[in-house]
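Residue numbers (my numbering): 2 to 453.
Where is the CB? At the ideal position from N, CA and C, for every residue including glycine.
Keep in mind it's a predicted model, so treat the numbers as computed, not measured.
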Ligand code: NAD
């Protein structure tokens with residue numbers, strides 16, 4: 002690990018990655034490799050948790066192409082120095098801000114969207130001119146092996162290297178000195194990463210999780226609300242960091258809402274055969290999720306199969322904040338519904354908990370929409386939709402509080418892997434004498450007049 006980091010630092014110091022054309026070439030090469038290996042990537046992710054080619058393309062590969070295309074097109078603009086105005090004291094100088102790459106970056110990926118969560122930060126790191134050590138999650142064994150093969154047999158390891166292995170290897174990596182660590186995963190491991198980074202004062206981006214609420218505040222277009230919600234919750238079998246974790250619905254709308262929710266789930270026919278559902282990643286998560294299902298509250302689904310690691314889309318009604326399912330991020334196909342009478346009380350309940358990664362509001366009432374946007378702190382979200390904000394890369398993607406530190410996607414990814422250097426550039430033909438000795442009364446008065 003140490004040798005790898007040393008070699009990458011040596012390569013970084015050669016200034017090769019500072020060349021914009023080099024970065025563009027590497028990004029184009031990555032895109033070409035992804036294109037060539039699309040079918041193998043589909044097969045690997047299917048072998049890991051039965052994710053279909055359709056879902057793989059729409060929720061992983063397409064986003065990577067978008068990130069690469071955008072970076073290739075805009076990298077020159079993003080990396081150019083920006084002039085800013087110069088204050089009176091420093092005239093006739095010029096001031097500008099100059100992005101520079103941070104250096105050797107470590108990217109640690111989560112398993113649930115293995116390609117997207119490993120490669121999207123890597124694209125941002127490369128676009129910004131860093132070298133990359135990428136450690137994908139070990140849980141989807143086939144996808145992580147394939148990513149290592151694709152990258153390691155095509156890129157110079159001094160520039161871009163995938164490291165295999167599990168927790169032990171990640172910990173060894175974390176002992177090294179990096180210039181940037183970008184982590185996607187759970188809150189407890191996020192803490193471990195943050196502590197390791199503190200030892201070297203390495204800047205971090207932490208893309209974590211949490212319980213993301215969805216508010217249903219009217220039934221003006223309930224059909225559409227439910228259609229969007231159901232897809233967002235059950236795509237990837239709920240194993241999505243920004244999936245609506247639980248529903249807060251006005252009590253008067255609840256019965257109608259649940260009725261439509263069930264009808265929509267039936268209509269979608271989620272199954273591996275229909276290529277719109279996946280397995281739970283492992284037995285440990287199966288057991289954790291099953292522990293959340295309270296059969297007394299189940300109004301739809303609730304069945305599961307340990308052997309095939311499938312849990313039916315499950316809806317639980319009349320859930321309270323004290324129930325087991327409300328104690329942790331669910332990260333699976335279980336949807337608790339909590340009816341409420343007072344929106345203010347519900348907002349207070351949400352705010353008593355850790356700041357969520359996302360929040361969704363379904364209503365046509367602008368006042369209510371604005372109230373929630375204004376009062377609740379969360380990473381990002383949607384009005385009248387769920388999870389789709391991730392697909393617009395003009396929006397920074399990231400959490401706040403316990404749901405994360407920093408953000409990425411599009412230019413925000415470039416910024417995340419850059420340092421913005423401040424430069425004051427002064428000609429030598431003029432210098433105001435104000436700051437120099439002797440400090441006369443007249444000078445003091447002039448300074449006070451100028452700098453009020
Ligand atoms: P995880 O924290 O268990 O693992 C993430 C990575 O950390 C893996 O690469 C793993 O090898 C490594 N790791 C695990 N234990 C470690 C340890 N003790 N020391 C060092 N490294 C360790 O998370 P996961 O199960 O892969 O993903 C689920 C979590 O990630 C959920 O909380 C979800 O919300 C979150 N997530 C967040 C985003 C986001 O973009 N904000 C995206 C996907 C997932």
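Query                                                                                                                                                                               : Result
Using alpha carbons as the reference points, say which of 332, 317, 274 and 328 lies closest to residue 340.                                                                        : 317
Report yes if the C-beta of residue 172 is less than 7 Å from at least one heavy atom of the ligand NAD; otherwise report no.                                                       : yes
So does the region 204-211 actually touch the region 340-353, counting three or more Cβ pairs closer than 8 Å?                                                                      : no
Please classify residue 93 as buried or exposed, where buried requires at least 16 neighbouring CB atoms within 10 angstroms.                                                       : exposed
Classify residue 146 as helix, strand or coil using the three-state DSSP reduction.                                                                                                 : helix
Which residue comes first and which comes last in the beta strand (DSSP E) that contains residue 457?                                                                               : What is shown of the chain runs 2 to 453, which leaves residue 457 out entirely.
Roughly how many angstroms lie between the CA atoms of residue 244 and residue 315, to the nearest whole one?                                                                       : 14 Å
Examine the ligand NAD and report whether any of its heavy atoms sits within less than 7 Å of the Cβ of residue 139.                                                                : yes
Which residue comes first and which comes last in the alpha helix (DSSP H) that contains residue 127?                                                                               : 115-128
Could you check whether the Cβ of residue 112 sits closer than 7 Å to any heavy atom belonging to the ligand NAD?                                                                   : yes
Consider the C-beta atom of residue 358 and the heavy atoms of the ligand NAD; say whether any pair is separated by less than 7 Å.                                                  : yes
For the alpha helix (DSSP H) that contains residue 317, what are its first and last residues?                                                                                       : No alpha helix (DSSP H) holds residue 317; the beta strand (DSSP E) holding it covers 315-317.
State the CB to CB distance for the pair residue 59 and residue 276, rounded to an integer number of angstroms; the pair is presumed to be in contact (CB under 8 Å).               : Contact doesn't hold; Cβ gap of about 11 Å is too wide.
Extract the residue ranges of the beta strand (DSSP E) inside the region 278-327, only unbroken runs of 3 or more that lie entirely within it.                                      : 299-301 and 315-317
Taking three-plus beta-carbon pairs below 8 Å as touching, is the region 318-327 in contact with the region 230-242?                                                                : no
So what does residue 383 bridge to, in DSSP terms?                                                                                                                                  : 361
Mind checking who residue 251 pairs with in its DSSP beta bridge?                                                                                                                   : 341
At a cut-off of 7 Å, is residue 450 close to the ligand NAD when judged by its beta-carbon and the heavy atoms of the ligand?                                                       : no
Quick one: what does DSSP say residue 71 is sitting in, helix, strand or coil?                                                                                                      : helix
What are the boundary residues of the alpha helix (DSSP H) that residue 225 is part of?                                                                                             : 223-235
Identify which residue in 435, 416, 438 and 448 has its Cα closest to the Cα of residue 181.                                                                                        : 416
Can residue 284 be considered in contact with the ligand NAD, in the sense that its beta carbon sits closer than 7 Å to one or more heavy atoms?                                    : no
Report yes if the C-beta of residue 208 is less than 7 Å from at least one heavy atom of the ligand NAD; otherwise report no.                                                       : yes
Let me know if residue 109 comes out buried or exposed under the rule of 16 or more other beta-carbons within 10 Å of its beta-carbon.                                              : buried
Could you give the residue range of the alpha helix (DSSP H) that holds residue 448?                                                                                                : 442-451
Just the C-alpha distance for residue 283 and residue 310, rounded to the nearest angstrom, thanks.                                                                                 : 7 Å
So, are the CB atoms of residue 135 and residue 152 less than 8 Å apart?                                                                                                            : yes
Which of the three DSSP states, helix, strand or coil, is assigned to residue 55?                                                                                                   : helix
Of all the options 272, 191 and 202, which has the alpha carbon lying nearest to the alpha carbon of residue 103?                                                                   : 202
Taking the DSSP output, what are the residues bridged to residue 214?                                                                                                               : 247
Going straight from the alpha carbon of residue 175 to that of residue 270, what length do you get?                                                                                 : 43 Å
Give me, in chain order, the residues of the same chain whose beta-carbon lies closer than 8 Å to that of residue 171; leave out the 5 immediate sequence neighbours on both sides. : 109 and 136
Quickly, what does DSSP pair residue 88 with across the bridge? List them, please.                                                                                                  : Residue 88 is not bridged to any residue.
Alpha carbons only, please: which of 147, 126 and 3 is nearest the one belonging to residue 45?                                                                                     : 147
Using DSSP with H/G/I as helix, E/B as strand and the rest coil, what is residue 183?                                                                                               : strand
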